[in-house]
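Everything on this sheet refers to the single structure shown next.
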Amino acid sequence: MRLIKVKLILQLAVLLVVLVAVFSFYSDQARYPRKAKADYRIKSKELSRAYNEDASEAEAMYFEKVIEVKGRVLGEQTGPGGERSIILEGDGNNTVQCKLLEGEKLNSAQRKFVVIKGVCTKYLWEVQLDRCVLLSR
């Protein structure tokens with residue numbers, strides 16, 4: 000009986016270690032998108048169009064995924080907390096807002112078109128990517 004308890008405890012410990020390792024791997028990808036492989040590569044207009052046409056389907060596909068987005072820069076914003084965002088052209092009246100990681104800056108060559116990698120987090124009038132990094136192309 001005692002041997003069965005020891006085996007059960009060891010199996011649960013191994014399972015816990017595996018679960019923690021898997022969770023850590025996936026959460027690191029979301030926290031550090033520069034290192035993570037993009038789940039999708041898409042143009043900003045196409046991403047916006049996907050949400051405009053069927054938000055629930057797009058949400059199922061892109062939510063909490065690392066996405067590499069290429070698009071035309073419409074402008075930059077600084078939020079009340081000092082966080083910087085780049086607004087990319089979307090489909091119709093909607094845009095794609097990309098909240099940059101601290102230290103990320105547009106250079107003069109990137110003022111028109113840019114490739115950004117970030118985590119798709121929400122959609123309300125515009126698609127939003129968080130923890131974005133600028134990629135050079």
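If you're matching positions, the sequence shown starts at 0 in numbering that gives the first Met the number 0 and goes up one per residue. Glycine residues also receive a C-beta, built at the ideal position from the N, C-alpha and C atoms.
The beta-carbon distance between K116 and V132, rounded to whole angstroms, is 5 angstroms. This is short enough to meet the 8 angstroms contact definition. The C-alpha of E101 is placed about 22 angstroms away from the C-alpha of S43. When DSSP reads this structure, L134 sits in a beta bridge with V114.
The shortest CA-to-CA distance from K69 to any of A12, G78, I41, C119 is the one to I41. By the C-beta criterion, the stretch 86-97 is judged to be in contact with the stretch 120-131, since at least 3 inter-stretch pairs fall below 8 angstroms.
Per DSSP, R48 has no beta bridge partner at all.
In the structure shown, K98 adopts extended strand secondary structure according to DSSP, grouped into three states.
Sequence-distant partners of A37 (beyond 5 residues in either direction) whose C-beta falls short of 8 angstroms from its own C-beta, in its chain, are V65, I66, E67, K116. In the three-state DSSP reduction, L11 falls in the helix class (H, G or I). For secondary structure counted as the beta strand (DSSP E) over 3 or more consecutive residues, the stretch 50-93 holds these complete runs in sequence order: 65-77, 83-88. Of T77, G81, V113, the smallest CA-CA separation from E88 is found for V113.
In the DSSP assignment, the residues bridged to L128 are C97, C119. Annotation for T120: Q127, D129 place their beta carbon closer than 6 angstroms to its own, counting only its chain and skipping 5 residues before and after. Within the same chain, S84 come within 6 angstroms of Q76 by CB-CB distance, once the 5 residues on both sides are set aside.
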